[in-house]
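Notes for the one structure printed next.
Number of protein chains: 6
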Amino acid sequence: MELEPGIMHKAAVLIEALPYIQRFNRKIVVVKYGGSAMVDENLKKQVIQDVVLLKLVGFKPIIVHGGGKEISRWVGKVGMEPHFVGGLRVTDEPTMEIAEMVLNKVNKSLVQLVNELGVKAVGISGKDGMMLRCKKKYSGGEDIGYVGEVTEVDPQIIYDLLEKDFLPIICPTGFDEEFKTYNINADDAACAVATAMKAEKLAFLTDVEGVYRDFNDKESLLSEMTVDEAQAFVDSGTLGGGMLPKLQNCIDAIRSGVSRVHILDGRIPHCLLLEIFTDKGIGTAIFNSAEEERYYHG
Amino acid sequence: MELEPGIMHKAAVLIEALPYIQRFNRKIVVVKYGGSAMVDENLKKQVIQDVVLLKLVGFKPIIVHGGGKEISRWVGKVGMEPHFVGGLRVTDEPTMEIAEMVLNKVNKSLVQLVNELGVKAVGISGKDGMMLRCKKKYSGGEDIGYVGEVTEVDPQIIYDLLEKDFLPIICPTGFDEEFKTYNINADDAACAVATAMKAEKLAFLTDVEGVYRDFNDKESLLSEMTVDEAQAFVDSGTLGGGMLPKLQNCIDAIRSGVSRVHILDGRIPHCLLLEIFTDKGIGTAIFNSAEEERYYHG
Amino acid sequence: MELEPGIMHKAAVLIEALPYIQRFNRKIVVVKYGGSAMVDENLKKQVIQDVVLLKLVGFKPIIVHGGGKEISRWVGKVGMEPHFVGGLRVTDEPTMEIAEMVLNKVNKSLVQLVNELGVKAVGISGKDGMMLRCKKKYSGGEDIGYVGEVTEVDPQIIYDLLEKDFLPIICPTGFDEEFKTYNINADDAACAVATAMKAEKLAFLTDVEGVYRDFNDKESLLSEMTVDEAQAFVDSGTLGGGMLPKLQNCIDAIRSGVSRVHILDGRIPHCLLLEIFTDKGIGTAIFNSAEEERYYHG
Amino acid sequence: MELEPGIMHKAAVLIEALPYIQRFNRKIVVVKYGGSAMVDENLKKQVIQDVVLLKLVGFKPIIVHGGGKEISRWVGKVGMEPHFVGGLRVTDEPTMEIAEMVLNKVNKSLVQLVNELGVKAVGISGKDGMMLRCKKKYSGGEDIGYVGEVTEVDPQIIYDLLEKDFLPIICPTGFDEEFKTYNINADDAACAVATAMKAEKLAFLTDVEGVYRDFNDKESLLSEMTVDEAQAFVDSGTLGGGMLPKLQNCIDAIRSGVSRVHILDGRIPHCLLLEIFTDKGIGTAIFNSAEEERYYHG
Amino acid sequence: MELEPGIMHKAAVLIEALPYIQRFNRKIVVVKYGGSAMVDENLKKQVIQDVVLLKLVGFKPIIVHGGGKEISRWVGKVGMEPHFVGGLRVTDEPTMEIAEMVLNKVNKSLVQLVNELGVKAVGISGKDGMMLRCKKKYSGGEDIGYVGEVTEVDPQIIYDLLEKDFLPIICPTGFDEEFKTYNINADDAACAVATAMKAEKLAFLTDVEGVYRDFNDKESLLSEMTVDEAQAFVDSGTLGGGMLPKLQNCIDAIRSGVSRVHILDGRIPHCLLLEIFTDKGIGTAIFNSAEEERYYHG
Amino acid sequence: MELEPGIMHKAAVLIEALPYIQRFNRKIVVVKYGGSAMVDENLKKQVIQDVVLLKLVGFKPIIVHGGGKEISRWVGKVGMEPHFVGGLRVTDEPTMEIAEMVLNKVNKSLVQLVNELGVKAVGISGKDGMMLRCKKKYSGGEDIGYVGEVTEVDPQIIYDLLEKDFLPIICPTGFDEEFKTYNINADDAACAVATAMKAEKLAFLTDVEGVYRDFNDKESLLSEMTVDEAQAFVDSGTLGGGMLPKLQNCIDAIRSGVSRVHILDGRIPHCLLLEIFTDKGIGTAIFNSAEEERYYHG
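Protein chains in written order, with numbering that gives the first Met the number 0: chain F, 0 to 297; chain Y, 0 to 297; chain L, 0 to 297; chain D, 0 to 297; chain X, 0 to 297; chain U, 0 to 297.
Structure (structure tokens):
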């Protein structure tokens with residue numbers, strides 16, 4: 000009998016995955032899903048495949064998604080003008096209404112994609128099960144409307160869905176003391192959820208390769224940082240643009256009990272799998288301390 | 000000590016509720032929520048209060064809601080024209096996209112209202128947990144787009160949410176074999192869910208007082224019918240307009256295991272409570288047979 | 000359709016009950032049942048209705064009953080003389096035998112009344128499941144026979160009955176180290192049970208309106224007291240008769256973890272419902288401190 | 000080291016018990032407790048020891064007790080005359096009241112004796128948990144008052160107590176459709192309970208050695224009978240006195256699913272242990288058929 | 000950032016495995032492990048890796064192993080002569096003693112190899128938990144000693160180990176009515192276990208490529224057969240040597256509820272993975288009928 | 000009816016066992032089984048009967064066995080020479096191979112004997128479920144091969160087997176960091192298991208009567224010692240031969256949470272039963288302190 004060519008290589012790849020599967024067995028992995036990986040149809044399909052594979056080999060993945068570009072598109076469609084202050088969308092009541100509609104539509108389309116691969120997903124917002132309680136977030140002191148900062152997470156509904164073997168997909172809206180609806184930055188929501196669930200891993204799919212020591216030197220990509228190094232970097236003031244709040248989020252998450260945070264390049268196909276199932280990983284990893292890391296790999 | 004006036008009457012009302020609470024203890028009650036009761040803010044609040052009370056005294060209520068008027072409003076908002084064939088909305092892809100957004104927005108607003116009364120709700124669509132599988136529904140042979148007919152219900156996610164003590168609120172979208180999204184008539188969805196859950200009671204909140212023997216004679220309201228009487232009525236051809244498919248739905252639900260179906264006037268405040276907690280009830284009740292009914296009240 | 004007159008008021012009363020039902024969901028409420036409410040057939044029926052309603056709307060009520068007058072009647076019936084020292088019945092062995100018989104008869108008649116309303120009750124004494132261990136209680140140093148002071152509560156059987164959804168009805172007898180049977184004052188037994196179960200509420204049905212600041216001034220009824228105020232009152236020495244040990248009992252119960260204690264006038268029909276389902280309540284409430292109370296109502 | 004004399008014999012006796020312990024592991028054994036074994040203090044203690052031992056080695060024993068003599072004594076004590084028709088006590092309302100008091104007193108004294116040996120007992124009547132529903136039993140067509148015939152057993156409370164590892168002790172009172180209290184013959188109650196629980200064994204402690212082929216010939220004791228032989232014997236009309244209804248009871252119990260019924264001489268110390276832990280057994284055993292019995296001993 | 004070369008291919012292989020992982024999620028796969036794959040150290044390691052991977056991605060694998068060559072080696076070591084009749088080892092008492100020792104040694108060495116990869120294995124024989132009851136197997140009417148034919152499987156211990164997440168490794172010894180120890184052919188034991196567990200798959204690791212239509216024509220390898228084709232083949236009498244009883248075993252297993260049986264070439268590295276994770280598979284598959292198979296792949 | 004002679008004595012013996020059965024209900028008892036009791040067929044049968052009886056009356060017995068003499072016999076059989084250093088067998092790789100085979104054979108023969116009495120046993124080694132992790136044990140600094148000292152016990156598999164009602168029988172082999180197999184002294188293994196399981200009792204079956212104050216004076220047998228007395232005795236240096244490490248083992252076990260350790264004379268038939276079911280017990284008992292012991296017997 001002649002074997003299919005390349006078949007032995009397939010077996011080898013599967014066997015190589017063994018220790019990674021083992022390490023994350025029944026561990027919670029929160030994936031912040033956004034950016035290009037949410038726009039390009041091919042990348043989208045690959046992210047979903049990755050997450051479904053993680054589920055099937057015994058991880059407990061949770062998706063938290065954004066929807067920024069799609070919201071802007073619909074705001075335009077009904078003849079309104081998107082308006083931003085300090086990078087945050089000014090969210091008056093009509094905008095909030097559209098944002099909620101769009102985020103839930105995105106949510107259900109992700110549910111559908113996961114279902115299609117044979118794993119049952121359930122899409123929830125931060126209002127379901129009273130999960131994400133928040134308060135108004137000001138942008139440099141300015142009131143920008145229904146933009147929320149998470150003040151409390153009730154993770155019960157997530158635990159229940161995981162227990163019943165569903166894949167939870169979370170859309171970042173929440174509610175305040177008066178049960179008004181708020182839009183929450185998806186990075187913030189992912190951090191809040193990962194922290195409340197004491198996740199083993201929190202992975203951000205971004206549109207950059209990772210964190211650069213010097214943003215202008217593409218050779219200076221950092222493949223890993225301890226949380227202290229990351230804090231020093233943040234404090235140094237050299238970090239620009241969107242990376243600063245994201246990195247601070249990562250630091251906070253680790254200090255609150257998340258084991259590792261990853262900043263991945265969502266433009267690379269199957270970046271999640273590559274990060275998890277290869278020794279070198281990709282992107283930038285932030286973790287508690289060098290010692291622990293060694294122990295963790297032991 | 001002087002007692003607050005009327006206080007003894009309060010006690011009496013509570014005590015009167017005793018046998019009704021007992022009869023429905025842990026029983027599933029599906030409420031199809033739509034029509035005026037969903038537009039008028041006062042009625043809306045009262046429906047939610049009723050459902051929350053049912054939950055708190057030990058029933059297992061499930062809400063299935065529609066969103067027709069709101070969908071039309073948003074279709075207009077983006078500059079499209081709503082189009083109907085035989086009473087069913089022609090649902091091309093852009094319309095379906097809007098319908099899904101609007102239905103999920105309505106869904107989350109109901110979740111919020113229930114949460115506000117201290118009971119945790121979870122809003123799901125028929126796509127979540129692969130709950131409502133459907134196929135294209137034709138209107139008199141005509142293809143009207145993404146309008147679905149339920150072919151299979153997987154009630155697992157509803158059972159799981161009930162077990163975990165959440166109040167499920169269901170938005171009537173589903174998916175077909177190719178994982179396309181469909182809009183399902185909310186009456187149909189409520190019937191399908193009630194049947195799959197073997198509900199004790201299925202209550203339709205409508206904009207009519209109930210079923211009239213003679214639609215032109217407001218005195219001819221029928222307070223109850225057996226399923227056979229209802230079928231004869233449907234077959235007689237004298238039944239007009241929107242009531243015909245609704246009544247056929249009721250009949251089918253009873254024949255598939257739902258114990259009682261109620262057509263209620265959603266314009267009456269607290270119509271749900273009144274139906275359940277008074278001997279005479281309100282609206283029209285359809286049940287299996289006169290004999291069983293006597294036993295049921297025994 | 001014309002609605003039954005007054006029907007809307009019924010709905011309003013039920014809706015008003017909502018927050019109270021919510022507040023006590025799955026909370027333990029111990030009812031010390033005695034006095035006139037146990038003699039008058041109408042009052043008796045109403046107390047049972049109240050307790051059954053509490054059970055059905057999700058509370059976990061437990062009845063602890065006395066039987067003093069009935070014991071005296073039977074002691075007389077067999078030609079013996081009741082004999083009291085310091086308000087406590089001198090309980091020699093023949094008296095104890097009769098007391099146990101009578102208390103168990105009362106117990107089973109209460110079980111029957113609850114059953115009749117469709118809720119399954121189980122009557123147990125402090126000997127069942129070795130629940131109430133006690134030692135001899137002296138009255139001013141005098142040996143008054145088999146009158147017991149509770150030294151230890153094993154609440155397992157109560158937890159088990161509640162878990163299995165039975166309504167426990169407890170008859171106040173116990174046993175000592177030598178497995179002799181003792182009569183326990185029903186107030187003491189109710190306190191011991193409420194304390195061991197960390198009850199949310201302990202309600203005494205008495206034959207007075209509540210605690211008066213000045214017993215001779217019927218206008219001076221206190222509607223609430225903190226535990227410190229109650230202790231000061233007890234220590235002041237102005238409190239007379241049967242109220243003194245009862246109030247001390249209330250104080251001890253709160254200091255051992257019971258959240259609120261109520262002294263109710265059992266002669267008012269449905270006094271339990273009125274206390275729980277109205278904002279003002281009736282009788283006298285004793286609780287831990289004014290602060291906590293505010294929080295509790297928040 | 001010199002061993003205590005006789006110690007080896009002790010070990011041998013324990014080892015001999017092995018197969019019997021194995022055979023009845025987790026099996027339900029209902030003991031109808033009455034007659035002399037309930038009057039003589041020594042016999043009483045031994046019956047309780049036997050039952051406690053059965054419990055501790057893994058059986059699930061249930062006691063159903065009578066109280067006939069004690070009831071008569073108390074009827075007399077209050078100046079009433081006991082009155083019998085056809086061997087059944089005429090039970091008017093005052094008699095029923097006394098009977099219930101006495102039966103519950105007996106019940107609690109048995110609870111105490113079991114507790115004293117370190118096993119937790121719970122005493123219940125047929126009214127608790129709505130266990131024994133009954134209707135009036137006529138004696139040769141004559142109304143003899145509150146004497147009940149069991150019409151339905153709800154064994155839930157017994158299952159729950161067994162699950163929670165309590166030893167249930169049942170006092171034979173029940174209730175009818177109008178929730179009136181009835182006295183049930185303890186033999187009847189034991190049969191009803193054994194049948195409802197599909198007991199492995201039902202043992203009657205009586206004041207006779209067993210069933211005699213010829214009552215006048217003490218050598219004619221039958222050590223075992225099939226249910227058909229027993230029925231033939233009953234039908235032959237030669238069986239006298241109290242044995243006839245008891246034997247019919249045994250037959251009915253076996254036909255309804257009880258595996259074996261034993262008529263034991265309660266005057267023999269430890270008769271229960273002797274029946275269970277010796278090959279020959281004592282008294283008369285009734286079982287389904289000779290074939291099954293062989294299988295049963297295989 | 001430059002990605003490791005070949006890394007994308009790795010991701011692709013993992014994603015390809017997705018549907019196979021899904022199909023066998025929580026399904027029982029029995030692996031009969033023997034032949035060259037048990038002698039060659041490399042092959043051995045690869046088989047264990049394969050089984051561990053199956054376990055980690057959610058299958059429920061069970062290993063049943065043989066030990067023929069090693070038994071012969073030890074029989075020789077103590078100076079005895081192995082003796083065979085009709086391909087079956089004549090197993091007198093001293094041989095049985097050695098066989099049991101060797102099989103258990105092999106068993107524990109496999110346990111160790113699995114443990115080493117981080118999955119907890121538990122090795123048991125057919126005597127543990129009274130799992131494999133058997134009777135003497137005659138070889139053409141001749142008594143060949145302690146060679147057993149399985150008469151009854153008690154799979155409780157296997158279910159318990161799977162429930163507790165252990166990987167069961169079974170050594171093929173059993174016991175008869177007199178509790179004598181028997182050696183069971185490992186193929187027979189694997190079939191008996193797979194049948195009792197209603198396995199989804201039973202895979203034999205052999206030293207042949209599979210079943211040939213014509214043994215002399217290496218091109219005639221059959222990649223699949225229905226159970227009827229397999230039976231016809233067996234009945235045709237053209238099948239030679241060791242394949243005949245193995246194929247009959249396969250047929251019996253399928254007829255008793257195993258879904259698919261595979262005859263694999265254990266000399267191919269990772270043959271288990273290749274069979275399960277590739278569409279074409281390898282070796283020969285036997286299944287119930289062509290129709291079912293199509294359904295199965297649908 | 001004439002009772003079998005001696006039958007009353009039987010009942011008395013069973014009743015005497017009552018308090019002992021009660022005291023050890025669901026308690027873990029580890030039996031180190033070795034010495035003569037493992038060689039003599041009668042003693043063997045009696046030990047197994049004892050352990051089975053303990054299991055049936057509600058204890059949770061665990062057997063840990065040795066196999067020294069049988070190992071030597073087989074080492075000889077294959078033409079090798081047993082070799083000892085400081086009382087410990089020098090265990091090179093071929094010896095270890097034989098030791099493992101023999102220990103597992105002994106293990107399965109004990110499983111069989113227990114099964115035969117109707118209780119399901121499961122035999123496991125310290126490699127199964129990765130139970131006994133160890134490191135090399137040196138004898139006076141000398142490397143004696145694969146002799147292991149337990150460094151960590153993972154008792155999960157034992158808990159699981161007990162939960163599923165199996166009787167665990169443990170063979171004293173373990174594994175080191177490199178997954179090499181080690182022979183563990185059975186006394187050490189029993190101590191490690193008893194400690195990890197927080198056993199109520201650890202009983203050593205030995206070939207001596209117990210501990211003598213003066214080994215040459217057979218009258219000086221100690222029937223009990225506190226752990227401090229035992230330590231003082233060990234430290235005194237007067238204790239000879241094999242008893243010293245055994246006594247040190249006992250002391251360590253008690254200091255790590257085992258309640259009582261017994262050194263029994265395995266040559267006395269049913270020594271286990273006699274120790275447990277008689278007040279005086281036999282052999283030497285070591286326990287924590289005199290005070291605790293009194294409490295324990297209270």
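Each residue gets a CB set at the ideal place from its N, CA and C atoms; glycine is no exception.
- T90 (chain D) is positioned such that its CB atom lies no closer than 7 Å to that of G209 (chain D).
- Proximity of A284 (chain L) to chain Y, defined by a Cβ-Cβ separation below 7 Å, is not satisfied.
- Contact annotation: D164 (chain Y) and N248 (chain Y) have beta-carbon atoms that are not nearer than 7 Å.
- The DSSP-derived three-state label of H8 (chain L) is helix.
- Taking 7 Å as the CB threshold, K9 (chain L) lines the interface with chain Y.
- Only residues of its own chain outside the window of five on either side were considered, and among them I20, N24, R25 have a CB closer than 7 Å to the CB of G57 (chain D), listed in chain order.
- Counting only runs that start and end inside the region 140 to 177 of chain D, the beta strand (DSSP E) elements of at least 3 residues fall at 141 to 152, 166 to 170, 172 to 174.
- Two segments are said to touch when three or more pairs of C-beta atoms, one from each, lie closer than 8 Å; by this definition the region 124 to 137 of chain Y touches the region 106 to 122 of chain F.
- Inter-residue distance for L102 (chain X) and K76 (chain X) is about 15 Å (C-alpha atoms, whole angstroms).
- Contact between V105 (chain D) and K54 (chain D) is absent: CB atoms are separated by about 20 Å, not below the 8 Å threshold.
- If you keep only unbroken alpha helix (DSSP H) runs of at least 4 residues inside the region 242 to 271 of chain X, you get 242 to 254.
- A straight line joining the alpha-carbon of L116 (chain F) with that of H269 (chain L) spans about 59 Å.
- With fewer than three CB-CB distances shorter than 8 Å, the region 190 to 199 of chain L does not count as touching the region 200 to 207 of chain D.
- In this structure the region 173 to 190 of chain D lies against the region 132 to 139 of chain D, because at least three pairs of beta carbons, one per stretch, are closer than 8 Å.
- Neighbourhood of I27 (chain X) in chain F, by CB distance below 9 Å: empty, with the nearest CB roughly 17 Å away.
- Apart from sequence neighbours up to five positions away, the residues of its chain that approach G33 (chain X) with a beta-carbon distance below 7 Å are H64, G65, A185, L204, ordered along the chain.
- In this structure, I27 (chain U) lies away from A229 (chain U), with their beta-carbon atoms at least 7 Å apart.
- The shortest CA-to-CA distance from V38 (chain U) to any of U:I61, U:K59, U:R72 is the one to U:R72.
- Against chain Y, the CB of Q111 (chain L) has no partner CB under 7 Å away; the residue lies outside that interface.
- When secondary structure is reduced to three states using DSSP, S35 (chain U) falls in the helix class.
- In this structure, P154 (chain F) sits away from I61 (chain F), with a CB-CB distance that is not shorter than 7 Å.
- Assignment of V30 (chain X) by DSSP, reduced to helix, strand and coil, places it in the strand class.
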